[in-house]
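224 is the number that UniProt numbering gives the last residue of the sequence shown; the numbers go up by one with no jumps. Where is the CB? At the ideal position from N, CA and C, for every residue including glycine. These notes concern the structure reproduced below.
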Amino acid sequence: MIRAATRFMRRNKSASILSKKCSTNKLCMQEFQRVPKDERLETLKAFLDSKMVEVNMDSTKLPRILIFVNSQCFCDELTKILQTFGFGVIGIRGNYAQNLRLEAFEGFRDKRYPIMVSTDLCAKGIDIKDVELVINYELPYYIDTYIYRVGRVGRIREGQCLSFVDPDLNKFIVPKILQVLQVANHPVSSNFDEIVEECQRIIDDPTDGFDVFFDESKVTAIQR
1 MIRAATRFMR
11 RNKSASILSK
21 KCSTNKLCMQ
31 EFQRVPKDER
41 LETLKAFLDS
51 KMVEVNMDST
61 KLPRILIFVN
71 SQCFCDELTK
81 ILQTFGFGVI
91 GIRGNYAQNL
101 RLEAFEGFRD
111 KRYPIMVSTD
121 LCAKGIDIKD
131 VELVINYELP
141 YYIDTYIYRV
151 GRVGRIREGQ
161 CLSFVDPDLN
171 KFIVPKILQV
181 LQVANHPVSS
191 NFDEIVEECQ
201 RIIDDPTDGF
211 DVFFDESKVT
221 AIQR
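Structure, rendered in structure tokens:
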């Protein structure tokens with residue numbers, strides 16, 4: 001990982017320097033899986049199926065799983081899809097009525113719905129205890145949002161954060177995640193170097209002219 005970090009710091013002169021205040025919780029094991037956008041749903045289903053097998057198909061024994069997406073519309077869509085697959089899933093997003101929010105959180109806490117799909121409403125400001133697994137179905141646009149999401153687990157005991165990475169779509173957030181992990185001397189999955197290198201190759205490709213000048217401050221996605 002040090003080798004990959006050196007490449008990014010050398011080539012990307014605009015890379016920000018992050019302090020330890022921006023580091024992530026060391027009780028959270030962060031894993032990264034290279035998943036093209038059109039394969040995310042299949043990959044997520046297979047992962048959740050494997051979790052169900054581990055608990056002998058008893059959903060009440062599943063760890064609490066918090067799945068993050070970037071938009072309200074897709075939060076609803078993914079929730080409905082996972083429900084049709086038979087998973088105990090509830091969705092939560094920013095413009096839900098208060099009674100619907102309370103119902104969703106209560107169902108998540110008592111494991112009527114051990115899986116919650118959320119926008120970044122749940123990334124900060126809302127205390128959800130005993131979340132053992134965070135899945136970044138879609139990586140966020142901002143590094144502080146990533147840190148808040150990861151901070152949902154590992155508060156009392158060890159937890160896990162699994163991020164689906166599409167290098168074409170996530171090439172600008174990946175180096176910032178790398179910097180955060182380097183500052184914290186944080187262990188990550190062994191394949192992360194390969195993902196970082198692929199993102200760097202895409203950034204360096206002169207034929208990729210569309211979003212080389214991407215400015216994350218101008219992102220206008222509906223995230224909450």
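* To do: Following the continuous alpha helix (DSSP H) through residue 95, name the residue where it begins and the one where it ends.
  => Start at 1 with the first residue of the sequence shown, and residue 95 comes out as number 95. Where residue 95 is concerned, there is no enclosing alpha helix (DSSP H), given that its DSSP letter is neither H nor E.
* Asked: Where DSSP assigns a beta bridge to residue 164, which residues make up the other side?
  -> One-based indexing of the sequence shown puts residue 164 at position 164. Answer is 33.
* What's the C-alpha gap between residue 119 and residue 74? -> In the sequence shown, residue 119 corresponds to position 119, counting from 1. In the sequence shown, residue 74 corresponds to position 74, counting from 1. When rounded, the distance between both Cα atoms is 9 angstroms.
* To do: With a cut-off of 8 angstroms on the beta carbons, I'd call residue 181 and residue 163 a contact; round off their distance for me.
  => Mapped onto the sequence shown, residue 181 falls at position 181. Mapped onto the sequence shown, residue 163 falls at position 163. About 12 angstroms separates the two Cβ atoms, so there is no contact after all.
* CB contact below 8 angstroms: residue 97 versus chain B -> Judged by its chain identifiers, the structure shown contains no chain B, having just a single protein chain.
* To do: Classify residue 108 as buried or exposed, calling it buried when 16 or more other Cβ atoms lie within 10 Å of its own Cβ.
  => Counted from its first residue, the sequence shown places residue 108 at position 108. Taking every protein chain shown into account, the CB of residue 108 has 16 or more other CB atoms within 10 angstroms, so this residue is buried.
* **Beta carbon of residue 117 nearer than 8 angstroms to that of residue 62** => Looking up residue 117 in the sequence shown gives position 117. Looking up residue 62 in the sequence shown gives position 62. Cβ distance not < 8 angstroms, so residue 117 and residue 62 don't count as in contact.
* Between the CA atoms of residue 205 and residue 130 - distance to the nearest angstrom -> If you number the sequence shown from 1, residue 130 lands on position 130. If you number the sequence shown from 1, residue 205 lands on position 205. Here the alpha carbons of residue 205 and residue 130 stand approximately 43 angstroms from one another.
* Which value, in whole angstroms, describes the spacing of the CA atoms of residue 225 and residue 50? -> This structure cannot speak to residue 225, because the chain is shown only from 1 to 224.
* Would you kindly check if the distance between the Cβ of residue 132 and the Cβ of residue 98 is under 8 angstroms? => Position 98 of the sequence shown holds residue 98. Position 132 of the sequence shown holds residue 132. No; because the gap between Cβ atoms is not below 8 angstroms, this pair is not in contact.
* In chain order, what residues of the same chain have a beta carbon less than 7 angstroms from the beta carbon of residue 40, not counting five sequence neighbours either side? -> Looking up residue 40 in the sequence shown gives position 40. Within the same chain, residue 40 has close Cβ partners 137 and 164.
* To do: Name the residue from 173, 189 and 47 whose alpha carbon lies nearest to the alpha carbon of residue 203.
  => Translated into positions along the sequence shown, residue 203 becomes position 203. Ranking 173, 189 and 47 by Cα distance to residue 203 puts 173 first.
* Anyone know if the C-beta pair for residue 124 and residue 148 falls short of 8 angstroms? -> Here residue 124 is taken as the residue at index 124 of the sequence shown, counted from 1. Here residue 148 is taken as the residue at index 148 of the sequence shown, counted from 1. Yes, the pair counts as a contact, with Cβ atoms nearer than the cut-off.
* Neighbourhood of residue 32 by C-beta distance below 6 angstroms, restricted to the same chain and skipping five residues each side -> Position 32 of the sequence shown holds residue 32. Contacts found: 163, 165, 189, 192 and 195.
* To do: Determine the extent of the beta strand (DSSP E) in which residue 128 is found, giving its start and end residues.
  => If you number the sequence shown from 1, residue 128 lands on position 128. Careful: residue 128 lies outside any beta strand (DSSP E) and carries neither H nor E.
* Asked: Run through DSSP, which three-state label would residue 132 get?
  -> The residue you call residue 132 lines up with position 132 of the sequence shown. The three-state secondary structure of residue 132, taken from DSSP, is strand.
* Outcome for residue 102 when other beta-carbon atoms lying within 10 angstroms are tallied against a minimum of 16 -> Locating residue 102 in the sequence shown gives position 102, counting from the first residue. Result: exposed.
* **Through-space distance from residue 35 to residue 89, alpha-carbon basis** => Residue 89 sits at position 89 when you count from the first residue of the sequence shown. Residue 35 sits at position 35 when you count from the first residue of the sequence shown. So the two alpha carbons sit approximately 22 angstroms from each other.
* Going by beta carbon distance, what residues of the same chain come within less than 7 angstroms of residue 171, once the five residues before and after it are set aside? -> Residue mapping note: residue 171 aligns to position 171 of the sequence shown, counting from 1. If the five residues before and after residue 171 are omitted, its C-beta is found closer than 7 angstroms to the C-beta atoms of 199, 202 and 203, all from its own chain and listed in chain order.
* Asked: Between residue 59 and the rest of its own chain, which residues show a CB-CB distance below 6 angstroms, the 5 nearest in sequence each way excluded?
  -> Translated into positions along the sequence shown, residue 59 becomes position 59. Here the set comprises 88 and 114.
* **Alpha carbon of residue 122 to alpha carbon of residue 44, nearest angstrom** => Sequence index remark: in the sequence shown, residue 122 carries index 122 (1-based). Sequence index remark: in the sequence shown, residue 44 carries index 44 (1-based). For the pair residue 122 and residue 44, the Cα-to-Cα distance works out to about 20 angstroms.
* **Where the beta strand (DSSP E) through residue 64 begins and ends** => If you number the sequence shown from 1, residue 64 lands on position 64. Element bounds for residue 64: 64-68.
* To do: Grab me the residues of residue 28's own chain with a C-beta within less than 6 angstroms of its C-beta, minus the 5 sequence neighbours each way, in chain order.
  => Along the sequence shown, read from residue 1 onward, the residue named residue 28 stands at position 28. Around residue 28, the same chain offers 150, 153, 154, 159 and 161 as residues with beta carbons nearer than 6 angstroms, after the five sequence neighbours per side are excluded.
* Taking buried to mean at least 16 other C-beta atoms within 10 Å of its own C-beta, is residue 68 buried or exposed? -> Your numbering for residue 68 matches position 68 in the sequence shown. Buried: at least 16 other Cβ atoms inside 10 Å.
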